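Peer 1: Shown below is the structure under consideration.
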Amino acid sequence: MSLSSPLTILGGGPAGLAMGLYGRRAGLDVQLFEANDTVGGNARTLQLGPFRYDTGAHRFHDKNPEITADVKALLGDDLRRVDAPSQICWRGRRIDFPLAPYDLCRKLPLSLLAQISREQLTIPRYSDDAQHFEEMALDSYGETLAHLFLLNYTEKLWGTDADQLSPRVAGDRLEGLDLKTFLLEAFGGTTEKTRHLDGSFYYPRRGYGQIAKATADALGRENIRTGAQITAIEHEADRITRIVVNDEDAVDVDRIVSTLPLTLVHRLLDPPPPDEIQSLVDSIRFRHLRLAVLGLDRSRLTPNASLYFPARSIPFTRLYEPKNRSPDLAPDDQTVVVLEWPCHPGDEGWTQSADTLRTAAVDLLQSQGLIDDDEVVAFDDHEVPFAYPILEVGSEQIAERLQSHLDRFENLHLLGRSAQFHYTHVHNLYAQAKAQAQVLASGASETKPHG
Ligand SMILES: Cc1cc2nc3c(=O)[nH]c(=O)nc-3n(C[C@H](O)[C@H](O)[C@H](O)COP(=O)(O)OP(=O)(O)OC[C@H]3O[C@@H](n4cnc5c(N)ncnc54)[C@H](O)[C@@H]3O)c2cc1C
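And the structure:
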């Protein structure tokens, strides 16, 4: 393969776009194929009349200074720092999230507090060797807190029992509450640590999708083909040789980066993989989301970045109000809220009509005393497929075996949340793409960045 041969990128979400941008900057000739009419994947911003909303509550995490600087250079002054706390809706009260002891002391009944405090003195605290999420939550927070706020929410989000989920589904969200912080807060008031754990982040003025758009512009729109669904990936021996676009257009490939879901890539392989691999493909799953979007005739509903609903009786997990991330996303005197309903395909949540979804969303906001029905001035219904890889116990090992199966193709690289079956975020994808572009441009032997 020659260095000047084009790099073919499958998928125009954040991973594919970042790969294209950094590939171009490293001197590679790139061609990106995206099935949708627009780029951005699961990190897009959509329009509903005068309102704008993201495909799920997004924030740009300032965790990699080099990538933050790159994104700032793309967006200029439009990338702003936002301070907006998140809260949990619990029995009509609002509890700070991440959980903060000082706040809990103010808002929970005394009997519960006494129980929680007793448990804090005896639990082992966050451990790396928990076998599953339930064990980790109980070890980190104790029985009472875990059952009140974490296990119910987590099972709803993933559609799976907490003792079947990997501890890694928590991401880094449960790391803040060590015993020292707990005692300091409980007796001394709120600390910097818990206050800033989750409430401060970057966000683009025109919505999160502005990052994808700016990346696509910098990569060059002429290098992006939208409306181009990959329908087959052909291979011979240890190389991918051609991709088929929209069932009709065969394109020869040399080097290829796929950001499509790991399971989909296997299903597109022509010839197909052996039976043993196909059965593994069927045994890992993704969680999908249905969004109910309500335009409201009031200037603001909450002060929060996100509002979480842990109660099992509520099918939605989270509400977010775009205006609290950027005021430009709704008119001054109106606001828009987005409710997330996690689903498996075929679930009631996935198959219900838009009208039923609207009714459920309005009922929830009314039952929480948040709105009156006549305030709703607009409604949208949006599906977010492949929102999260479901990290069940053992599924990461299966994903590794599937990735190893693809490793035999010397010219194929995987990048992206669903491609690597890894619960990762946009700044990480940009960092991986940047590193991979350097490797490809240098002509060094292929590095395959697995999750
Ligand atoms: C509700 C929610 C909230 C989130 N919040 C945050 C956050 O706050 N911060 C953060 O950093 N990240 C967040 N994320 C994660 C972030 O959205 C993902 O990490 C990111 O979108 C993954 O990018 P990707 O390119 O790997 O995949 P995707 O965004 O899924 O993009 C894959 C692309 O491939 C295309 N595609 C699929 N099949 C084909 C085909 N056959 N042919 C051609 N194209 C195809 C799709 O149309 C899509 O455009 C959140 C995700 C969700 C769902």
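Residue numbering for the sequence shown follows the working numbering, starting at -6 and increasing by one per position. Just so it is clear, CB atoms sit at the ideal spot from N, CA and C, and this is done for glycine as well. Please read these numbers as outputs of a predicted model, since none were measured by experiment.
Could you tell me the alpha carbon to alpha carbon distance between Pro254 and Thr1, rounded to whole angstroms?
Peer 2: On the sequence shown, position 261 is the one that residue 254 refers to. On the sequence shown, position 8 is the one that residue 1 refers to. Taking the straight line joining both Cα atoms gives about 16 Å.
Peer 1: Compute the Euclidean distance between the alpha carbons of Ile249 and Glu227, then round it to the nearest angstrom.
Peer 2: Here residue 249 refers to the residue found at position 256 when the sequence shown is read from its first residue. Here residue 227 refers to the residue found at position 234 when the sequence shown is read from its first residue. Rounded to the nearest angstrom, the two C-alpha atoms are 12 Å apart.
Peer 1: Consider the Cβ of Asp71: report whether some Cβ of chain B lies at a distance smaller than 8 Å.
Peer 2: Here chain B cannot be found, since the structure has a single protein chain.
Peer 1: Out of Arg45, Val244 and Arg86, point me to the one whose CA is closest to Leu363's CA.
Peer 2: The residue given as residue 363 occupies position 370 in the sequence shown. Out of Arg45, Val244 and Arg86, Arg86 has the C-alpha closest to the C-alpha of Leu363.
Peer 1: Taking 8 Å as the threshold (C-beta atoms), are Leu3 and Ser251 in contact?
Peer 2: The residue labelled residue 251 in the question sits at position 258 within the sequence shown. The residue labelled residue 3 in the question sits at position 10 within the sequence shown. Against a cut-off of 8 Å, the Cβ pair of Leu3 and Ser251 comes out as a contact.
Peer 1: Report the option in Phe379, Lys206, Phe372 and Leu405 whose CA atom is closest to the CA atom of Val498.
Peer 2: The requested residue 498 does not occur in the structure, where the chain is confined to residues -6 to 444.
Peer 1: Assuming contact is defined by CB atoms lying nearer than 8 Å, are Tyr381 and Arg305 in contact in what I supplied?
Peer 2: As a working mapping, residue 381 is identified with position 388 in the sequence shown. As a working mapping, residue 305 is identified with position 312 in the sequence shown. Not in contact: Tyr381 and Arg305 (Cβ atoms no closer than 8 Å).
Peer 1: Where does the unbroken alpha helix (DSSP H) through Leu384 begin, and where does it stop?
Peer 2: Within the sequence shown, residue 384 is the residue found at index 391, counting from 1. Neither: Leu384 is in no alpha helix (DSSP H) and is coded neither H nor E.
Peer 1: Taking one C-beta from the segment 286 to 299 and one from the segment 322 to 339 each time, how about it: are there three or more such pairs within less than 8 Å?
Peer 2: Flag = yes, the segment 286 to 299 and the segment 322 to 339 touch.
Peer 1: Roughly how many angstroms separate the alpha carbons of Ile236 and Pro308, rounded to a whole number?
Peer 2: Position 243 of the sequence shown holds residue 236. Position 315 of the sequence shown holds residue 308. In a straight line, the C-alpha of Ile236 is about 40 Å away from that of Pro308.
Peer 1: Would you say the beta carbon of Ile60 comes nearer than 7 Å to a heavy atom of ligand 1?
Peer 2: By one-based count along the sequence shown, residue 60 stands at place 67. Not so, every heavy atom of ligand 1 lies at least 7 Å from the Cβ.
Peer 1: Rounded to whole angstroms, how far is the Cβ of Phe447 from the Cβ of Pro303, which I believe are closer than 8 Å?
Peer 2: Residue 447 is absent from the structure shown; the chain starts at -6 and stops at 444.
Peer 1: Rank Ala28, Glu229 and Asp356 by C-alpha distance to the C-alpha of Leu332 and give the top, closest one.
Peer 2: For the purposes of this step, residue 332 is taken as the residue at position 339 of the sequence shown. The option with the nearest alpha carbon to Leu332 is Asp356.
Peer 1: Just to confirm before moving on: does the CB-CB distance between Pro160 and Phe126 stay below 8 Å?
Peer 2: As a working note, residue 160 is residue 167 in the sequence shown. As a working note, residue 126 is residue 133 in the sequence shown. Closer than 8 Å, so yes.
Peer 1: By DSSP's criteria, Asp22 is part of a beta bridge. Which residues make up the other side?
Peer 2: Counting from one through the sequence shown, the residue named residue 22 turns up at place 29. Note: Asp22 sits in no beta bridge, so no partner.
Peer 1: Below 8 Å, how does it come out for the segment 37 to 55 and the segment 391 to 411: are there three or more Cβ pairs, yes or no?
Peer 2: With the cut-off at 8 Å, the segment 37 to 55 and the segment 391 to 411 do not touch.
Peer 1: Out of Gln390, Gln396, Glu376 and Leu289, which one is the CA nearest neighbour of Leu463?
Peer 2: Only positions -6 to 444 of the chain appear in this structure, which leaves residue 463 out of reach.
Peer 1: Identify the residues that DSSP records as bridge partners of His228: which are they?
Peer 2: Residue mapping note: residue 228 aligns to position 235 of the sequence shown, counting from 1. According to DSSP, His228 bridges with Ile233.
Peer 1: On the DSSP letters alone, give me the boundaries of the alpha helix (DSSP H) that Thr310 sits inside.
Peer 2: The residue labelled residue 310 in the question sits at position 317 within the sequence shown. Thr310 -> no alpha helix (DSSP H), and no H or E assigned at all.
Peer 1: Can you round the beta-carbon distance between Tyr423 and Leu384 to whole angstroms, since I take them to be within the 8 Å contact cut?
Peer 2: What you label residue 423 is simply residue 430 of the sequence shown in a count that begins at 1. What you label residue 384 is simply residue 391 of the sequence shown in a count that begins at 1. Going by Cβ atoms, the distance from Tyr423 to Leu384 rounds to 22 Å, so no, they are not a contact pair.
Peer 1: Could you pull out every unbroken beta strand (DSSP E) segment of at least 3 residues lying fully inside the segment 239 to 269, listed in chain order?
Peer 2: The qualifying runs are 242 to 245 and 248 to 251.
Peer 1: Tell me where the beta strand (DSSP E) around Tyr423 begins and ends.
Peer 2: As a first step, residue 423 is located in the sequence shown; it is residue number 430 there, counting from the start. Per DSSP, Tyr423 belongs to no beta strand (DSSP E); it is in the alpha helix (DSSP H), Val419 to Ser435.
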